[in-house]
Every structure is written in structure tokens, then in C-alpha cells.
Amino acid sequence: MFEDEFKKDSDVRRGKYTTVSIPITLYNRIKELIKDTGFTSVSQFVTYILREVIASMEREKLESSMISEEEKKRIIEKLRKLGYI
Amino acid sequence: MVSKPHGNKLINRVVVGRRRDHLLEEAKELPRIEISETLAADTINIAHGVYSPLEGFMTQEDYIHVLHDMRLSNDIPWTIPIILDVNPEDIVDIKEGDDITLTHNNKPIAIMKIEEIYGWDKNEYCKQVFKATDPTHPGVTKTMGRKELLIGGPIDLLNDIYEPFEKYRLWPIETRVLFEAKRWRTIAGFQTRNVPHLGHEYVQKAALTFVDGLFINPLVGWKKRGDFKDEVIARAYEVLIQHYFPKDSIVFSVLRMEMRYAGPREAVFHAIVRKNFGCTHFIVGRDHAGVGNFYKPYEAWEIFKEFPDLGITPLFIRESFYCKKCGGFVNEKICPHSDENRIRISGTKLRRFILRKEKPPEYMVRPEVFEVILSFDNPFIE
């Protein structure tokens, strides 16, 4: 089921909101969990959690250093001259 | 480890070498738009990655998303529109798709590819960004006086503008190398537009207790009348750091960027900018980027709850005061004494001492800092 949906979703969606499917059992579980919290809907909670998880995954994917050794040397020299190092 | 840049990409749109020579020649032939110092500073900040992941001034899609959802069109958190306003008569011969030269004081600053020309509703901008349309709000007055159209598109930087604080100006790529060289893994950013009094020092030192290093990063550039002049702020911090901070825990650098006085939205924007400099934490105190009574004292703390994906941790530090019974600087959470024992330090109180050239009590401001302030005939913006 998810595979079919992925094929269908290969285009970028426009507009403000779109629908994704989650199991009803999960929906009910979340609905129960967010009672008396600041979250006003299951959608709001799911959006919040997804943004948190996705940002973390994106950070992990990033290379550890984006600066070449040559550039680093040049910067360190400048920082020395300015008295920062 | 220092923070990853916002949007996971540190932007560099500074043109160097032969490509710069070539573009400088090309710039001579292109239509020109003269921009203010504030917009020139924004252009330079974009190019040096201060506003990563932005590569230029916002097109309408990003502008609308930021205004209404506080996110770019790709869902990355962003709270203050970065826009370039022009008069219709400035662009009669310019159309979407054209390249133009942005100049400041007639000197070419950057080449901009115009992706879009669009109108904007300044009143709506004020409602969303400042939560106010009252002209006593300095941001509202400034916005209402801006030009009628916006142009959006990427820029390529050809020249910096003159920076009187060059020795204190570091770019994100440089602070990132510096923090790594210092082996700092956690860095708290501190935003300011004021000379430091003991209340600020308390907040800074409270944060520094929990992180490896403190990045003090005052804004220089446009501020409202009555705020401290840039050179007073820079000199005051020089002496404060020299006398009262361990040198290996502090980096002091200025950032040329206008104050918007947009309270909560600007607090998030300030955090994003310091994330790009490599900060892992950002200090948010009482009434951050506020003005008058436009925002509730801790409203800026609330807005951070909307951004689980911000990628920088806010450090919420309560307002500090001097307690006669505690005998030092404390805050509401740690001081059990009643209000009559508490002396609150404010910029307004300090200002009164300065105007009377009267020495304030030592719990208000360090004597070395006060001496610096008094060495200026008029330390305030007129």
C-alpha cells in the first residue's frame, strides 16, 4: 500500500496542507495522548513530531566538515592576526 | 560540535578572483539600483551566510510563507522577511529575469538576478511581523515608509561596504573555525543592542556556567533614537571583557544588521542567525527585541515552542535584579525576598545617571564601563 502511495506522491504537492494516512489505531492513541496538552489536534501533534525528527535526520546526513583545509588555514591566520587565537 | 548551518547549508555568494573581475566589468553595463546602508548590510549578510539558507532577497512565495506561517516555502523555520523594496520608477526598464547592479553610495555592491517583482501590503506586514500597526512602534513607522514594490532573487557579492568595526567583524565561516580551534562544543550566543550593565553580565555568566563559550554579538547599524551609538557599545564591551571575563571563554564580534523591534519573531530570527555563526544555544531574556509595551515580558519564550526543528537551543534566562538581602544579582526563581529588597536595573535608569553624569551604584554598572560611556559627548543616537 505504501509503495503505491510513494509512486503517486513522486510529484511535489502545492498548497498549504495535504493528507497523509496513518493507521486509525495510531490516530486514536495520539488523540488520547495529547488530551490536556498544548496540542489542539492530532495533525498539529504529528506535524510537530515529524519536523523534529526530520530536522534531526537531515543534520545527521550532513557531512561533518564543509570547509577545505586550505580555507581553514587562511581563516586561522586571519583570526591570529586579529588576536582571536 | 558547532551547530549545523540553518537549512544545512552555509551560503557563500561572495565572488572572488577572475569571476569577480569579470562581473565588476559586467556590473558597469547593467541597470543600477541604489540601496540604503541597511539593505547593503542585508546583501552582505546574505552573501556571507549570516542568513543561510537564503541566497538572495525573498521572492513572493517565501515572503508569504514567512509572513503567515513563519517558515520558508521549503518548511524551514524563518520568521522575518528579508526583502528589497523599490519604487516603481526605479524599475521602469527592468523586468523579471534581468540582472541588475545593487549600488550603495554609487559603488557596486552586488549583482542581483531579478526572479520576481511583486507588490506587498505593508499594513499586513506590520500586523504579522510586529503584531502592531501603531505608528509609535519604530518598526511600523519604518515599514510604512518603505517603497511600494519588492524585488526578489539571488545575489552575488562584489564589494563589502566600509565597516568601521572591521577588527571585530567575523563571518559565520570564521566563527565556526574559531569555535572549533577553541575546542568549544557548546556555544551560547548573546544578542544585544545596549551597553552592558550588571544585569546583562549576570545573564551572560549564568549561561556561560553551562556552556563552553559565550559569543557576544551586538548589532551595529540602524537603531531607534535614544539607543546607544555603536562605538559606545563596542568600547564598553572591550573594557567589560578585559576586566571581568575569562578570555578563553568569550568571543566578541559585531554584526551589522538593523534592529526590527519585532519581539518574539525577531527572537527566533536572532537565534537562527547565531546558529549560522555556529552557536548551539541562544540566550533569550526578558522582552527580547521588544519595544515599549508592545510585547509581554516573556512572550519571546513562548514562540520557540512552535519550532521543534530550529536546531539551536534557546536558553531562557529570567530577568535579574540586585537583592539587598541576597547581596548580589539573583532572579525571581532563586530569591525568596520581598520586592522592597530588589533593585531592578534598566537601561532607562542607567540613562538617567549618564545624562546627569552622576556615578551610578556599583551594582548597576561596572565603573570601567561607565567611564567609557562618559568619555563620549553624547553616547546616544539622535
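First to last, the sequence lines map onto chains A and B. Take the first sequence: its position 67, counted from the start at 1, is 67 in our numbering, and no numbers get skipped. So our numbering is basically just the index in the second sequence, starting at one, shifted up by 1000. Glycine residues also receive a C-beta, built at the ideal position from the N, C-alpha and C atoms. Remember, it's a predicted structure, so these values are computed and weren't measured experimentally.
Quick check on the burial criterion: 16 or more other C-beta atoms within 10 angstroms. Buried or exposed for residue 1 of chain A?
Here residue 1 of chain A corresponds to residue number 1 of the first sequence, with the count starting at 1. Low confidence applies to residue 1 of chain A: its pLDDT is 49, below 50, so where it sits in the model is not reliable, and the reading given next is rough at best. Exposed: under 16 other Cβ atoms inside 10 Å.
Quick one: which unbroken alpha helix (DSSP H) runs of 4-plus residues sit fully inside the segment 1198-1285 of chain B? Chain order, please.
1198-1208, 1230-1244, 1263-1276
Any C-beta of chain A under 8 Å from that of residue 1276 of chain B
On the second sequence, position 276 is the one that residue 1276 of chain B refers to. Not an interface residue.
Would residue 1157 of chain B pass as an interface residue toward chain A - the criterion being a Cβ-Cβ separation below 8 Å?
For this step, residue 1157 of chain B is matched to residue 157 along the second sequence. Closer than 8 Å: no.
What does DSSP give as the partner residue(s) for residue 1314 of chain B in the beta ladder?
On the second sequence, position 314 is the one that residue 1314 of chain B refers to. DSSP output for residue 1314 of chain B lists B:1282 as bridge partner(s).
Could one say the Cβ of residue 51 of chain A lies closer than 8 Å to chain B's Cβ atoms, at least one of them?
Along the first sequence, one-based indexing puts residue 51 of chain A at 51. For residue 51 of chain A, the answer is yes, since a Cβ of chain B falls inside 8 Å of its Cβ.
Per-residue burial, residue 23 of chain A [other beta carbons within 10 Å of its own, 16 or more giving buried]
Translated into positions along the first sequence, residue 23 of chain A becomes position 23. Answer is exposed; the Cβ neighbour count stays below 16.
Taking buried to mean at least 16 other C-beta atoms within 10 Å of its own C-beta, is residue 1369 of chain B buried or exposed?
Counting from one through the second sequence, the residue named residue 1369 of chain B turns up at place 369. It counts as buried.
Residue-level contact to chain B via CB, residue 33 of chain A, 8 Å cutoff:
What you label residue 33 of chain A is simply residue 33 of the first sequence in a count that begins at 1. By this cut-off, residue 33 of chain A is not an interface position.
Along chain A, which residues have their Cβ under 8 Å away from the Cβ of residue 1303 of chain B?
On the second sequence, position 303 is the one that residue 1303 of chain B refers to. Neighbours of residue 1303 of chain B on chain A: none; closest Cβ ~13 Å, over 8 Å.
Counting only C-beta atoms, is residue 58 of chain A closer than 8 Å to chain B at any point?
Start at 1 with the first residue of the first sequence, and residue 58 of chain A comes out as number 58. It does: the Cβ of residue 58 of chain A has a partner Cβ on chain B nearer than 8 Å.
Considering residue 1349 of chain B, what are the terminal residues of the alpha helix (DSSP H) in which it resides?
Here the question's residue 1349 of chain B lines up with position 349 in the second sequence. Taken as a continuous stretch (DSSP letters only), the alpha helix (DSSP H) holding residue 1349 of chain B covers 1347-1356.
Looking at residue 1282 of chain B and residue 1255 of chain B, is the spacing between their C-beta atoms short of 8 Å?
Here residue 1255 of chain B is taken as the residue at index 255 of the second sequence, counted from 1. Here residue 1282 of chain B is taken as the residue at index 282 of the second sequence, counted from 1. No, the pair does not count as a contact, with Cβ atoms beyond the cut-off.
Below 7 Å between beta carbons is the criterion; list the residues of the segment 1006-1030 of chain B that meet it against any residue of chain A, in chain order.
1008, 1010
Pull up the distance between the alpha-carbon of residue 1021 of chain B and that of residue 1091 of chain B, whole angstroms please.
The residue given as residue 1021 of chain B occupies position 21 in the second sequence. The residue given as residue 1091 of chain B occupies position 91 in the second sequence. Cα to Cα, residue 1021 of chain B sits roughly 26 Å from residue 1091 of chain B.
Going by the DSSP bridge assignment, what does residue 1322 of chain B pair with across the sheet?
Here residue 1322 of chain B refers to the residue found at position 322 when the second sequence is read from its first residue. Answer is B:1329, B:1343.
With residue 1214 of chain B and residue 1204 of chain B assumed to form a contact (beta carbons below 8 Å), what rounded beta-carbon distance in angstroms separates them?
Reading the second sequence from its first residue, position 214 is the one you call residue 1214 of chain B. Reading the second sequence from its first residue, position 204 is the one you call residue 1204 of chain B. With a Cβ gap of about 6 Å, residue 1214 of chain B and residue 1204 of chain B count as contacting.
Residue 48 of chain A touches chain B at which residues, Cβ-Cβ below 8 Å?
Looking up residue 48 of chain A in the first sequence gives position 48. Those are 1308, listed as they occur along chain B.
Hey, is the segment 1160-1167 of chain B in contact with the segment 1307-1322 of chain B, meaning 3+ C-beta pairs nearer than 8 Å?
no
Buried or exposed, going by whether 16 or more other CB atoms sit within 10 Å of the CB of residue 1265 of chain B?
On the second sequence, residue 1265 of chain B is found 265 positions in, with the first residue counted as 1. Residue 1265 of chain B comes out buried.
When DSSP builds the beta bridges, which residues end up paired with residue 1377 of chain B?
Counting from 1 along the second sequence, the entry for residue 1377 of chain B is found at position 377. DSSP output for residue 1377 of chain B lists no bridge partner at all.
If we cut at 8 Å on Cβ distances, does residue 24 of chain A have a partner in chain B?
Here the question's residue 24 of chain A lines up with position 24 in the first sequence. False, the Cβ-Cβ gap to chain B never drops below 8 Å.
Beta-ladder partner(s) of residue 1001 of chain B, from DSSP:
Here residue 1001 of chain B refers to the residue found at position 1 of the second sequence. Residue 1001 of chain B pairs with nothing; no bridge assigned.
If we require 3 or more residues per run, which beta strand (DSSP E) segments fall completely within the segment 1010-1089 of chain B?
1032-1034, 1084-1086
Nearest-angstrom Cα separation, counted from residue 1358 of chain B out to residue 1243 of chain B
To locate residue 1243 of chain B, count along the second sequence from 1; it is residue 243. To locate residue 1358 of chain B, count along the second sequence from 1; it is residue 358. About 22 Å.
At 9 Å on the CB atoms, spell out the chain B contacts of residue 54 of chain A, in chain order.
For the purposes of this step, residue 54 of chain A is taken as the residue at position 54 of the first sequence. Within chain B, the residues near residue 54 of chain A are 1075, 1309.
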